[in-house]
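Residue numbers (this note's numbering), protein chains in the order written: chain W, 17 to 161; chain X, 303 to 436.
Here's the structure, in structure tokens; my notes come after.
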Amino acid sequence: MALSEFPRMGFDPFAELRRMQSEMNRMFSGFGFATARDFPPINIWLGENSVVVTAELPGVTRDDVTLNLQDDVLTLEGKREPKQPEQNGNWQRRERAYGSFSRAIQLPFRVDADKVEARFNNGVLEVELERLEADRPKKIEIRAA
Amino acid sequence: MTQEVRTADQRTAATTAGSERAVERPVFIPPADIYETRDNIVVLAEMPGVGPDGVDITLERRMLTVRGRHAGSEHTGYPRVYNEYTDGDYERVFTLSENIDRDRIEATLKDGVLHLVLPKAETAKPRKIELKAS
Numbered sequence: 017m018a019l020s021e022f023p024r025m026g027f028d029p030f031a032e033l034r035r036m037q038s039e040m041n042r043m044f045s046g047f048g049f050a051t052a053r054d055f056p057p058i059n060i061w062l063g064e065n066s067v068v069v070t071a072e073l074p075g076v077t078r079d080d081v082t083l084n085l086q087d088d089v090l091t092l093e094g095k096r097e098p099k100q101p102e103q104n105g106n107w108q109r110r111e112r113a114y115g116s117f118s119r120a121i122q123l124p125f126r127v128d129a130d131k132v133e134a135r136f137n138n139g140v141l142e143v144e145l146e147r148l149e150a151d152r153p154k155k156i157e158i159r160a161a
Numbered sequence: 303m304t305q306e307v308r309t310a311d312q313r314t315a316a317t318t319a320g321s322e323r324a325v326e327r328p329v330f331i332p333p334a335d336i337y338e339t340r341d342n343i344v345v346l347a348e349m350p351g352v353g354p355d356g357v358d359i360t361l362e363r364r365m366l367t368v369r370g371r372h373a374g375s376e377h378t379g380y381p382r383v384y385n386e387y388t389d390g391d392y393e394r395v396f397t398l399s400e401n402i403d404r405d406r407i408e409a410t411l412k413d414g415v416l417h418l419v420l421p422k423a424e425t426a427k428p429r430k431i432e433l434k435a436s
């Protein structure tokens with residue numbers, strides 16, 4: 017970072033300018049993404065015969081979430097309760113979001129409802145769903161003429 | 303009526319002035335709730351994907367630094383087809399308003415949320431001063 021000529025004067029008129037510049041860079045660095053995000057954010061990973069859905073759900077326990085499967089739509093519903101501070105506590109900062117959430121995820125194929133595995137790992141929910149046997153692609157042999 | 307959870311903005315990337323990280327992985331500022339009681343300052347920071355051994359907390363004077371290293375969630379053989387979040391590390395620095403008794407700090411990590419209890423130092427606690435009868 018370029019040092020300005022002013023520090024010996026006891027104040028630096030460019031310090032604020034530099035701070036503003038870095039702030040602007042930070043603001044625009046993520047430009048182009050969606051501005052409002054659905055909660056929870058999800059990722060989908062596609063395997064050969066199964067699909068994995070992961071969702072970031074920090075502070076949500078197993079009992080707070082319900083997963084429903086209908087045909088090829090997976091619904092993720094739940095609620096995150098705000099933590100009440102102990103008596104005589106006052107908030108200095110509240111940035112975490114609370115309330116109920118619901119997301120419907122369209123899966124790329126029909127899945128077997130009996131072969132669904134879901135687990136929580138460090139605040140990340142991972143659901144693995146297996147493709148329905150009847151729905152799997154079949155290889156077709158071409159007979160020699 | 304229930305309130306719909308919606309994070310108003312995307313995740314903000316942490317920046318350290320003028321420097322770059324050696325590891326090419328995003329660093330996020332974890333959203334945090336902070337409340338103060340008579341005896342403690344409690345910090346709750348969201349760090350999904352961070353395991354208990356990935357947390358690093360330091361307190362230097364009143365500067366509290368919280369770092370979380372993502373445990374990694376590679377799904378080998380499973381290409382990612384839809385993406386709303388990326389894994390990354392977490393880093394945040396707070397300047398506390400009170401002196402902290404650093405020997406009694408308690409930190410727990412549960413469901414991706416760091417729970418930090420910072421007891422105020424005896425000297426920082428409010429004290430009632432009795433008036434002596436003259």
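The C-beta atom is built at its ideal place from N, Cα and C for all residues, glycine as well.
Only counting the same chain, and skipping five residues up and downstream in sequence, which positions put a Cβ closer than 7 Å to that of residue i?
i	result
residue 351(X)	372, 373, 375, 389, 414
residue 151(W)	125, 126
residue 122(W)	88, 89
residue 54(W)	119
residue 74(W)	139
residue 35(W)	none
Taking 8 Å as the limit between beta carbons, can you name the residues of its chain near residue i, skipping five residues before and five after?
i	result
residue 147(W)	65, 66, 67, 125, 126, 127, 128
residue 346(X)	334, 335, 336, 415, 416, 417, 418
residue 50(W)	Its pLDDT being 44, under 50, residue 50(W) is placed unreliably in this model, and the value from its coordinates should be taken loosely. None.
residue 354(X)	411
residue 111(W)	none
residue 424(X)	403
With distances taken from CA atoms, which of the options is nearest residue i?
i	options	result
residue 363(X)	403(X), 330(X), 427(X), 393(X)	403(X)
residue 81(W)	136(W), 153(W), 151(W), 156(W)	136(W)
residue 358(X)	394(X), 343(X), 384(X)	394(X)
residue 408(X)	327(X), 342(X), 338(X)	342(X)
residue 56(W)	33(W), 89(W), 93(W), 79(W)	93(W)
residue 365(X)	329(X), 400(X), 425(X)	400(X)
residue 377(X)	142(W), 155(W), 84(W)	142(W)
residue 340(X)	434(X), 356(X), 428(X)	428(X)
residue 437(X)	33(W), 62(W), 38(W)	An answer regarding residue 437(X) cannot be provided, because it is not within the stretch 303 to 436 covered by chain X.
residue 105(W)	435(X), 327(X), 338(X)	338(X)
residue 328(X)	432(X), 387(X), 430(X)	387(X)
For residue i, collect the residues of the same chain with a Cβ closer than 6 Å to its Cβ; drop the 5 residues on either side in sequence, then sort them by chain order.
i	result
residue 133(W)	144
residue 41(W)	none
residue 60(W)	69
residue 348(X)	332, 333, 415
residue 98(W)	114
residue 116(W)	95
residue 85(W)	129
residue 396(X)	366
What are the residues that DSSP puts in a beta bridge with residue i?
i	result
residue 71(W)	58(W), 141(W)
residue 37(W)	Residue 37(W) pairs with nothing; no bridge assigned.
residue 104(W)	Residue 104(W) pairs with nothing; no bridge assigned.
residue 385(X)	59(W)
residue 30(W)	Bridge partners of residue 30(W): none, in fact.
residue 431(X)	Note: residue 431(X) sits in no beta bridge, so no partner.
residue 394(X)	368(X)
residue 340(X)	In the DSSP output, where bridge partners are listed per residue, residue 340(X) has none listed.
residue 134(W)	143(W)
residue 111(W)	Answer is none; residue 111(W) lacks a bridge partner.
inquiry  = To be precise: take each residue of the region 95–117 of chain W, compare its Cβ to all Cβ atoms of chain X, and keep it if any distance is under 9 Å. Which residues remain?
reply    = 95, 96, 98, 99, 101, 102, 103, 104, 105, 106, 107, 108, 109, 110, 111, 112, 113, 114, 115, 116, 117
ask   = Listed in chain order, which residues of the region 129–155 of chain W have Cβ atoms closer than 9 Å to some Cβ of chain X?
value = 136, 137, 138, 139, 140, 142
inquiry  = Residues of the region 385–413 of chain X in Cβ contact with chain W at a cutoff of 7 Å, in chain order, please.
reply    = 385, 386, 387, 413
query = Of all the residues that make up the region 349–378 of chain X, which are near chain W by a beta-carbon distance shorter than 8 Å?
reply = 349, 350, 351, 352, 353, 373, 375, 377
task = Tell me the start and end of each unbroken beta strand (DSSP E) in the region 346–377 of chain X that is at least 3 residues and wholly inside, in chain order.
result = 352–362, 365–372
request  = Determine which residues of the region 327–339 of chain X have a Cβ less than 7 Å from any Cβ of chain W, and write them out in chain order.
outcome  = 333, 334, 335, 336, 337, 338, 339
Contact list for the region 420–436 of chain X against chain W, Cβ threshold 9 Å = none
request  = With 8 Å as the limit, tell me which residues of the region 70–81 of chain W have their beta carbon closer than that to any beta carbon of chain X; keep them in chain order.
outcome  = 70, 72, 73, 74, 75, 76, 77
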